[in-house]
Amino acid sequence: MSADANEALSRRGFLAISAATLGGVMLAPGIRLIEIAGARAPEQAASKRVRWGLLIDTNKCAPGCDDCVKACATENGIRSTGHPRTDPQWIRKVELKDPRSGRAHSAPVMCQHCEHPPCVDVCPTGASFKRADGIVLVDRHTCIGCRYCIMACPYKARSIVFQDVTDQNPDVPRGKGCAEGCTLCVHRVDRDQQPACVEACAKAGHNAMIFGDLNDPQSEIARRVAKYASTQIRADLKLNPGVRYQGL
Amino acid sequence: MAQSCVYRELGGTSPRYWGLLALLAVPLALGAAAYFYIEHFGHIVTGMDNQIVWGMPHVFAVFLIVAATGALNVALAASVFGKTAYQPVAPLSALVSVALLVGGLALLMLDLARSDRMIVAMTHLNTKSLFALRVVLYNGFLATVAVYFWFMLERRMNRYIKPVAILAFLWQLVLVTGTGLMFGFMVARAVYDSVLYAPMFIAFSSAYGTAVFILILLAVCNWEERPIAGELLRRLKNLLAIFAGASLYFAALFHFSKYYLARSHEVGQFLLFDGGVYTALFWLGQVAIGGIVPLALLLRSRVSRRTVAAACALVVLGGVAQMYVTIIGGQAYPQILFPGMAESSSFFDGEIHPYTPSVPEVLLGLGGAALAAAIIAVALRALALLPERLDPTAGPQA
Chain A
257 MSADANEALS RRGFLAISAA TLGGVMLAPG IRLIEIAGAR APEQAASKRV
307 RWGLLIDTNK CAPGCDDCVK ACATENGIRS TGHPRTDPQW IRKVELKDPR
357 SGRAHSAPVM CQHCEHPPCV DVCPTGASFK RADGIVLVDR HTCIGCRYCI
407 MACPYKARSI VFQDVTDQNP DVPRGKGCAE GCTLCVHRVD RDQQPACVEA
457 CAKAGHNAMI FGDLNDPQSE IARRVAKYAS TQIRADLKLN PGVRYQGL
Chain B
454 MAQSCVYREL GGTSPRYWGL LALLAVPLAL GAAAYFYIEH FGHIVTGMDN
504 QIVWGMPHVF AVFLIVAATG ALNVALAASV FGKTAYQPVA PLSALVSVAL
554 LVGGLALLML DLARSDRMIV AMTHLNTKSL FALRVVLYNG FLATVAVYFW
604 FMLERRMNRY IKPVAILAFL WQLVLVTGTG LMFGFMVARA VYDSVLYAPM
654 FIAFSSAYGT AVFILILLAV CNWEERPIAG ELLRRLKNLL AIFAGASLYF
704 AALFHFSKYY LARSHEVGQF LLFDGGVYTA LFWLGQVAIG GIVPLALLLR
754 SRVSRRTVAA ACALVVLGGV AQMYVTIIGG QAYPQILFPG MAESSSFFDG
804 EIHPYTPSVP EVLLGLGGAA LAAAIIAVAL RALALLPERL DPTAGPQA
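Residue numbers (the numbering used here), protein chains in the order written: chain A, 257 to 504; chain B, 454 to 851.
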């Protein structure tokens, strides 16, 4: 091999390495960020690398405040019909009191988006399903209104629609005779937004609810769960809910 | 043995028979009207709400389905366990079983909040769901009993009865177990969450099914003045007494286990003492009317047809009371999300939920029972399923 050839090769090699390095420097953070955020194009399926979840700090949740409940109702088109016993409720504030110590506090409770959801197990048609990213939903096209999911849910998180629904939010189709529950505002999450309840809680200045990817060690929710003690409602049932609580 | 009896249809030309059908058409028409009313307006016109989501139609449906599997016991005693005394009434036993199951299943389907999507229920099956599995089991049970029925009626196939009867027996066992576990595996609700539901429902099923079967047998024999051997009546009453006793035993064991264990003590206390209508229905309906009184009637040495019929009717009433306590009471008791804490919310957490059945849902439930009765009445007219005489002059003896 001649010295000229060596020189030419090293120049070509240098250019190639430079281009690769430059490309890497430009693209890598983007790729890494996409991984971190779990964001995806609309045509992409939900990824099982992501586990969406909520962390609710009941110490910060103000008794009497129901901004999260109101925001949920507005976002998902849930209106009172004047019949509270038949009206669906996707999120509610449960007031708790320890009868032994007298300590009182409250916690918002919604679908806990379990890893092993009983509603999905019992649904005869498979209308109740869990998305790859952990969000538990109802397929309104195959729900037959048997109400078995409502019977099986330990969190009282599912409702059935008793009457015709009007003025619906186009993002959140609902219908008489179908079971429904918190979707974790899946239509917002897919647009990289926070669930309406979380946004309302932050807006009110309480910051009692954190939404994020439990599988991403860098996310705030994962770091908080790793650092502070948190619990799951009815942890004894081993359903591994995606919603965790601090201060219960 | 069956060959020695002369089987005969119900006398179908008499105005009495048409009168019976016309009588059954009333609850059927009312049930159909109730279905369309609920279907049109939604379940808002029932007494159900988002706390009590399974109401009266489920009480009737589960009773009919549970009784259906038990009604086959008499036929299986003859075909599987060689109790030849029951042979002449085996076809009627299979018919009652099928009719009750069809009535119960129709009710379950008609009570769906989206009953217009029945085809979806048939075409989308989640194999992990006990509810979906039961759809498969029910249809398989109907098919097995249909084949068993055919083998009993077609003399050339008589020799194959035993294998198909054994299959029907095993199928029946799995089916009732599945129905019991549908409640027992619902760990979310304190009244359920116990595998005792499986054996308990087997006992209930045997008692309710046998009671309904004897009632229909006695009704048909009374209707046409067909004689019944004292021996057959004695055996049937003893069989029902055993099943009623077993039902009481399992009910006692279940309630004692709930009451005794600290984790379920409160719900045990609710059902046994503090549950208001549910406590009353348990003690008065399930235990006294459905258990102790019929047992006392049946265990007397000499009993008349009338006494046996009264005991059967009481077992059926007690059975409906039991289903009400199990299904409605099970939902009325609040779900405990935070054990040890007092809970309250806008969604009625921590409260005993009220429930008042509405007229349409009761009519729908009665319509399901009338459907079963109508199937039996029409089948007995069309097919020769019961011997002319069930006494020693014509019928066989064990």
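C-beta: ideal position from N, C-alpha, C; glycine also.
- In the DSSP assignment, W471 of chain B falls within the unbroken alpha helix (DSSP H) covering P468 to F494.
- The DSSP-derived three-state label of M465 of chain A is strand.
- Within a 10 Å sphere around the beta-carbon of P747 of chain B sit 16 or more other beta-carbons, which makes this residue buried.
- For D389 of chain A against K304 of chain A, the beta-carbon gap comes to about 7 Å, under 8 Å, which counts as contact.
- Apart from sequence neighbours up to five positions away, the residues of its chain that approach A456 of chain A with a beta-carbon distance below 6 Å are D323, C324 and A327, ordered along the chain.
- N592 of chain B does not reach chain A, its nearest Cβ partner there being about 13 Å away, counting only Cβ pairs nearer than 8 Å.
- Nearest neighbour of S754 of chain B by Cα position, chosen from B:R642, B:R687, B:M776 and B:R842, turns out to be B:R687.
- The straight-line gap separating the alpha-carbon atoms of A822 of chain B and G556 of chain B is approximately 6 Å.
- When the alpha-carbon of L824 of chain B is set against those of B:A538, B:F513 and B:G500, the nearest one is in B:F513.
- Distance from G523 of chain B to S700 of chain B at the Cβ level is roughly 10 Å; contact not present, criterion being Cβ atoms closer than 8 Å.
- Note: I681 of chain B is bridge-paired with B:L843 in the DSSP secondary-structure output.
- Around the beta carbon of F270 of chain A, fewer than 16 other beta carbons lie within 10 angstroms, which makes this residue exposed.
- Taking 8 Å as the upper bound for CB-CB distance, S415 of chain A and P344 of chain A are in contact here, some 3 Å apart.
- The C-beta of R305 of chain A comes no closer than 7 Å to any C-beta of chain B.
- The residue from A:R356, A:P380, A:N496 and A:Y501 with its alpha-carbon nearest to that of R307 of chain A is A:N496.
- Contact with chain B is absent for A388 of chain A, since none of that chain's Cβ atoms lies less than 7 Å from the residue's Cβ.
- Any Cβ of chain B closer than 7 Å to the Cβ of F418 of chain A would place that residue at the interface, and such an atom is present.
- Taking a C-beta distance under 7 Å as the contact criterion, P380 of chain A and S582 of chain B qualify as a contact pair.
- In the three-state reduction of the DSSP assignment, H511 of chain B falls in the helix class.
- The beta carbon of D354 of chain A falls within 7 Å of a beta carbon belonging to chain B, placing the residue at that interface.
- At a cut-off of 7 Å, the C-beta of V506 of chain B has a neighbouring C-beta in chain A.
- Within chain B, no C-beta atom comes less than 9 Å from the C-beta of I312 of chain A; the nearest is roughly 13 Å away.
- Closest in alpha carbon position to S486 of chain A, among A:C399, A:C438, A:G309 and A:R335, is A:G309.
- Listed along chain B, the residues sitting closer than 8 Å to M407 of chain A by beta-carbon distance are V506, W507, M639, A641, R642 and Q784.
- By the Cβ test, the stretch 432-446 of chain A is in contact with the stretch 558-573 of chain B, since at least three Cβ pairs between them sit closer than 8 Å.
- Only H339 and P340 from the stretch 329-340 of chain A bring a Cβ to less than 8 Å from some Cβ of chain B.
- The shortest C-alpha to C-alpha distance from R387 of chain A to any of A:Q300, A:G279 and A:I466 is the one to A:Q300.
- In the assembly as shown, M635 of chain B is a buried residue. Its beta-carbon has 16 or more other beta-carbons within 10 Å.
- Minimum Cα-Cα distance from I781 of chain B among the listed residues A:H443, A:M407 and A:V428 corresponds to A:M407.
- Residues of the stretch 483-501 of chain A with a Cβ closer than 7 Å to any Cβ of chain B, in chain order: I489, R490 and L493.
- For the stretch 418-450 of chain A, the residues whose beta carbon sits under 9 Å from a beta carbon of chain B are, in order, F418, Q419, D420, G431, K432, G433, C434 and A435.
- Partner residues in a beta bridge of P380 of chain A, as assigned by DSSP, do not exist.
- Among the residues of the stretch 391-402 of chain A, those with a Cβ less than 7 Å away from any Cβ of chain B are T398, C399, I400, G401 and C402, in the order of the chain.
- With a cutoff of 7 Å on beta-carbon distance, L590 of chain B and G637 of chain B are scored as not near each other.
- The C-beta separation of V756 of chain B from K690 of chain B comes to about 6 Å, placing the pair in contact by the 8 Å criterion.
- For I781 of chain B, the closest Cβ of chain A is not nearer than 7 Å.
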